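2 protein chains.
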Amino acid sequence: MTARVELLALDGIPEIRPGDDLGAIIAGALRDADIGLREDDVLVVTQKVVSKAEGRVVDLASVSPSPPAAEFAERWGKDPRQVELVLRESAEVLRMADGGLIISRTRQGFVCANAGVDLSNVGGGEVATLLPVDPDASARRLAEGLWELAGVRVPVVISDSFGRPWRNGIVNVAIGVAGLAPLLDLRGRPDAQGRLMRSTVIAVADELASAAELAGGKTDQRPVVVVRGYTTENVKNGPGAAALVMDRAHDLFP
Amino acid sequence: MTARVELLALDGIPEIRPGDDLGAIIAGALRDADIGLREDDVLVVTQKVVSKAEGRVVDLASVSPSPPAAEFAERWGKDPRQVELVLRESAEVLRMADGGLIISRTRQGFVCANAGVDLSNVGGGEVATLLPVDPDASARRLAEGLWELAGVRVPVVISDSFGRPWRNGIVNVAIGVAGLAPLLDLRGRPDAQGRLMRSTVIAVADELASAAELAGGKTDQRPVVVVRGYTTENVKNGPGAAALVMDRAHDLFP
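As they're listed, the protein sequences go chains Z and R. Note that the first sequence covers residues 1 to 254 in our numbering. Note that the second sequence covers residues 1001 to 1254 in our numbering.
Below you can see the structure in the form of structure tokens.
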């Protein structure tokens, strides 16, 4: 027997605007693709469309940079209004680095570059998208909306692309989770040779986000991916992606 | 149209022993599963079976711990012989932390916990497996072996599970790559809204490793996964996973 997981990236998701009903749009795209959701599906949705639907969009023309933001932006050739938003979205700045990179802990608890603030075009205007205020709540709302529309309760993962120390490139990780446990704790279970695993806790929600990126692609043409056949223990009231955020007491790289 | 990627985890890979011809074993498992390799396949293989086949296995009984290794192990209830091997496999120790965790840069350049030294059982004995000496070379050899045996040249990724700062849990990443570019550089290409991407370089080899874990599973029963339908630019003489290792000049978290 072969274990098989499929990654199905939906075409036909239009440009999302503030106030759009993302659940209804996804349900429509599923219908158009003739994909009926199943119990062994997980829906992975990129942060950008969630943020846009939730109106987490700031018209750059409305942003007045503070002097420190303006100075840092000037030094590294960045947009001072973006730097200002990055600082506003940060609970704590870890590094402001050569080249204009800012590594910070966001208000949601994630450590990433530029606090998740992306420059984007919405309806022709130049805007910044911000992370959802509470991505786990966003995932729950989306899961509930799809349950109503599609009749099947599937877990939802909201993904964003993060860099990592020591490794080049970005990978997609989970910033919001509903309906599945983001960590698979195998401690105490035997491995293939019968040895009990002592420290194996797998960040499956992050792996689902990374897997979805392979099918969805980075240019955001396909922001919704159905992961089919990944069997996990679905949970109704799980901890969400907040469980992926390391307690600062364990943080070896402050 | 829906973009579809499949993850096919092979059953029937036996316990691997030093000297085994891993390529021949994988080719046999592919035949048994009636999976003919295709041009749009990527083969993801876990580090542990590669290390075992290559004899990167140390009988713990043969290891004499140095005094510092013995002292650290004693303090945190670790096996002093494992700590000794971790220190030997490390080019530089970054942190020796409460609880007995050692974060180091391995001789291969990867920053990870315990320098990739895993305790394992091989043939009933208690051993440690070490990372392959040159995982990119291991991937190339495996790709060439399979090319000969299966008649198709497919990229090979060797995966291992790494922790990350700031996020709980481990995810699979690529430590060896042959036949594909580990980084997909989208800088200068337009996103869905026509905005040119300025910093988007995706660590696709890491995402392939993470995706494979979802199908293969952590208990190592299925160490080989075929990723089918991920279209990438295959390269004959790529940089390997070495391209994923960040230049220390860019390292913000030494």
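In this text, a Cβ means the ideal position worked out from N, Cα and C, and glycines have one as well. Computed from a prediction, not measured in an experiment: that's the story for all the values here.
Taking its Cβ as the centre, do 16 or more other Cβ atoms sit within 10 Å of Glu1074 (chain R), making it buried, or is it exposed?
By 1-based counting over the second sequence, the position of residue 1074 (chain R) is 74. Result: exposed.
What ranges does the beta strand (DSSP E) occupy inside the region 1120 to 1184 of chain R, keeping only unbroken runs of at least 3 residues that lie completely in it?
Taking only runs of at least 3 residues, the beta strand (DSSP E) segments lying wholly in the region 1120 to 1184 of chain R are 1125 to 1129, 1156 to 1164 and 1167 to 1178.
With a CB to CB cut of under 7 Å and the five nearest residues on each side skipped, what residues in its chain are close to Gly1099 (chain R)?
Along the second sequence, read from residue 1 onward, the residue named residue 1099 (chain R) stands at position 99. The residues are Trp1076.
CA-CA distance, Leu1149 (chain R) and Val1173 (chain R)?
Position 149 of the second sequence, counting from 1, holds the residue named residue 1149 (chain R). Position 173 of the second sequence, counting from 1, holds the residue named residue 1173 (chain R). Going from the Cα of Leu1149 (chain R) to the Cα of Val1173 (chain R) covers about 27 Å.
With a Cβ-Cβ cutoff of 8 Å, do Ala115 (chain Z) and Thr106 (chain Z) count as a contact?
Counted from its first residue, the first sequence places residue 115 (chain Z) at position 115. Counted from its first residue, the first sequence places residue 106 (chain Z) at position 106. A contact, by the Cβ cut-off of 8 Å.
Alpha carbon to alpha carbon, what distance is there between Gly55 (chain Z) and Arg141 (chain Z)?
By 1-based counting over the first sequence, the position of residue 141 (chain Z) is 141. By 1-based counting over the first sequence, the position of residue 55 (chain Z) is 55. Those two C-alpha atoms are separated by around 15 Å.
Taking just the CA atoms, how far does Gly238 (chain Z) sit from Asp1160 (chain R)?
Your numbering for residue 1160 (chain R) matches position 160 in the second sequence. Your numbering for residue 238 (chain Z) matches position 238 in the first sequence. Rounded to whole angstroms, Asp1160 (chain R) to Gly238 (chain Z) spans 27 Å at the Cα level.
Rounded to whole angstroms, how far is the Cβ of Ile1158 (chain R) from the Cβ of Gly1176 (chain R), which I believe are closer than 8 Å?
Counted from its first residue, the second sequence places residue 1158 (chain R) at position 158. Counted from its first residue, the second sequence places residue 1176 (chain R) at position 176. With 8 Å as the limit, Ile1158 (chain R) and Gly1176 (chain R) qualify as a contact, their Cβ atoms being about 3 Å apart.
I think Ser1120 (chain R) touches Thr1129 (chain R), with their Cβ atoms under 8 Å apart; what is that distance to the nearest whole Å?
For this step, residue 1120 (chain R) is matched to residue 120 along the second sequence. For this step, residue 1129 (chain R) is matched to residue 129 along the second sequence. Confirmed, Cβ separation roughly 5 Å.
Return helix, strand or coil for Gly19 (chain Z), following the three-state DSSP convention.
The residue given as residue 19 (chain Z) occupies position 19 in the first sequence. Gly19 (chain Z): coil per DSSP, three-state reduction.
Determine which residues of the region 1062 to 1084 of chain R have a Cβ less than 7 Å from any Cβ of chain Z, and write them out in chain order.
Answer in chain order: no residues at all.
Out of R:Arg1195, R:Ile1025, R:Val1224 and R:Ala1091, which one is the CA nearest neighbour of Val127 (chain Z)?
As a working note, residue 127 (chain Z) is residue 127 in the first sequence. Minimum Cα distance to Val127 (chain Z) is reached at R:Arg1195.
With a threshold of 16 other CB atoms inside 10 Å of the CB of Pro1080 (chain R), please say whether the residue is buried or exposed.
In the second sequence, counting from the first residue as 1, residue 1080 (chain R) sits at position 80. It counts as buried.
Any idea what DSSP makes of Met1001 (chain R), helix, strand or coil?
Looking up residue 1001 (chain R) in the second sequence gives position 1. In this prediction, Met1001 (chain R) scores a pLDDT of 42, lower than 50, which makes its location untrustworthy; the coordinate-derived value is nonetheless stated afterwards. Reduced to three states, the DSSP call for Met1001 (chain R) is coil.
Rounded to the nearest angstrom, what separates Arg222 (chain Z) and Gln82 (chain Z) at their Cα positions?
Counted from its first residue, the first sequence places residue 222 (chain Z) at position 222. Counted from its first residue, the first sequence places residue 82 (chain Z) at position 82. In a straight line, the C-alpha of Arg222 (chain Z) is about 25 Å away from that of Gln82 (chain Z).
Residues of chain Z with CB closer than 7 Å to the CB of Ile1103 (chain R), please, in chain order.
Position 103 of the second sequence, counting from 1, holds the residue named residue 1103 (chain R). Within 7 Å Cβ-Cβ: Leu252.
Let me know the secondary structure DSSP gives Ile26 (chain Z) once reduced to three states.
Looking up residue 26 (chain Z) in the first sequence gives position 26. Residue state, collapsed to three classes: helix.
Please go through the same chain and pick out, in chain order, the residues whose beta-carbon is closer than 7 Å to the beta-carbon of Glu84 (chain Z), but skip the five residues on each side of it.
On the first sequence, residue 84 (chain Z) is found 84 positions in, with the first residue counted as 1. So the list reads Val63, Pro65, Ser66 and Ala69, once near-sequence residues are dropped.
From Asp1251 (chain R) to Arg4 (chain Z), what distance separates their C-alpha atoms?
Taking the second sequence and counting its residues from 1, one reaches residue 1251 (chain R) at position 251. Taking the first sequence and counting its residues from 1, one reaches residue 4 (chain Z) at position 4. The straight-line gap from Cα to Cα measures roughly 38 Å.
Using 8 Å for Cβ pairs, my map puts Glu1207 (chain R) next to Val225 (chain Z). What's the rounded Cβ distance?
By 1-based counting over the second sequence, the position of residue 1207 (chain R) is 207. By 1-based counting over the first sequence, the position of residue 225 (chain Z) is 225. About 12 Å; that fails the 8 Å criterion.
Find out if the Cβ-Cβ distance for the pair Trp1166 (chain R), Val152 (chain Z) is shorter than 8 Å.
Here residue 1166 (chain R) refers to the residue found at position 166 when the second sequence is read from its first residue. Here residue 152 (chain Z) refers to the residue found at position 152 when the first sequence is read from its first residue. No, the pair does not count as a contact, with Cβ atoms beyond the cut-off.
Under 8 Å, do Ala1215 (chain R) and Leu1007 (chain R) count as touching if we go by C-beta distance?
Within the second sequence, the letter at position 215 stands for residue 1215 (chain R). Within the second sequence, the letter at position 7 stands for residue 1007 (chain R). Cβ distance < 8 Å, so Ala1215 (chain R) and Leu1007 (chain R) count as in contact.
Can you give me, in chain order, the residues of the region 1152 to 1171 of chain R that have a beta carbon less than 7 Å from any beta carbon in chain Z?
If the cut-off is 7 Å between Cβ atoms, the region 1152 to 1171 of chain R has Arg1164, Pro1165, Trp1166, Arg1167, Asn1168, Gly1169, Ile1170 and Val1171 near chain Z.
Decide if Ala61 (chain Z) is buried, meaning its Cβ has at least 16 other Cβ atoms within 10 Å, or exposed.
As a first step, residue 61 (chain Z) must be located in the first sequence, where it is residue number 61. Flag for Ala61 (chain Z) reads exposed.
Ala210 (chain Z) touches chain R at which residues, Cβ-Cβ below 8 Å?
As a position in the first sequence, residue 210 (chain Z) is number 210, starting the count at 1. The identity of residue 210 (chain Z) in the sequence shown is Ser, whereas the question assumes Ala. The contacting residues are Val1171, Asp1206, Glu1207, Ser1210 and Ala1211.
Is it buried or exposed, Ala1212 (chain R), if we count other Cβ atoms within 10 angstroms and call 16 or more buried?
Taking the first residue of the second sequence as position 1, residue 1212 (chain R) is located at position 212. That one is buried.
Indicate the three-state DSSP secondary structure (helix, strand or coil) for Arg1195 (chain R) in the structure shown.
Here residue 1195 (chain R) refers to the residue found at position 195 of the second sequence. If DSSP states are grouped into helix, strand and coil, Arg1195 (chain R) belongs with coil.
Note down the Cα distance separating Leu1131 (chain R) from Ser1104 (chain R), rounded to an integer number of angstroms.
Residue numbering aside, residue 1131 (chain R) sits at position 131 when the second sequence is read from its first letter. Residue numbering aside, residue 1104 (chain R) sits at position 104 when the second sequence is read from its first letter. Their backbone Cα atoms lie some 13 Å apart in a straight line.
Is DSSP giving Val1227 (chain R) helix, strand or coil here?
On the second sequence, position 227 is the one that residue 1227 (chain R) refers to. It is a strand residue.
Please name the residue, chosen from R:Gly1036, R:Met1246, R:Lys1048 and R:Ala1178, that lies closest to Pro1014 (chain R) on a Cα-to-Cα basis.
If you number the second sequence from 1, residue 1014 (chain R) lands on position 14. Nearest option by C-alpha distance: R:Lys1048.
Going by the DSSP bridge assignment, what does Arg105 (chain Z) pair with across the sheet?
Position 105 of the first sequence holds residue 105 (chain Z). DSSP output for Arg105 (chain Z) lists Z:Glu92 and Z:Val111 as bridge partner(s).
Ala1242 (chain R) and Gly1109 (chain R) - do their beta-carbons sit closer together than 8 Å?
Locating residue 1109 (chain R) in the second sequence gives position 109, counting from the first residue. Locating residue 1242 (chain R) in the second sequence gives position 242, counting from the first residue. Yes, the pair counts as a contact, with Cβ atoms nearer than the cut-off.
Taking Cβ positions, are Glu1089 (chain R) and Val1117 (chain R) nearer each other than 8 Å?
For the purposes of this step, residue 1089 (chain R) is identified with residue 89 of the second sequence, where counting begins at 1. For the purposes of this step, residue 1117 (chain R) is identified with residue 117 of the second sequence, where counting begins at 1. Contact flag set, yes.
So, is Asp41 (chain Z) buried or exposed, given that buried needs 16 or more other C-beta atoms within 10 angstroms?
To locate residue 41 (chain Z), count along the first sequence from 1; it is residue 41. Buried.
Output, in chain order, the set of chain Z residues within a Cβ distance shorter than 8 Å of Arg1222 (chain R).
Taking the first residue of the second sequence as position 1, residue 1222 (chain R) is located at position 222. Neighbours of Arg1222 (chain R) on chain Z, chain order: Ala3.
Which chain R residues are close to Val245 (chain Z), counting only those with a beta carbon under 9 Å from its beta carbon?
For the purposes of this step, residue 245 (chain Z) is identified with residue 245 of the first sequence, where counting begins at 1. Simply Trp1166, Arg1167 and Asn1168.
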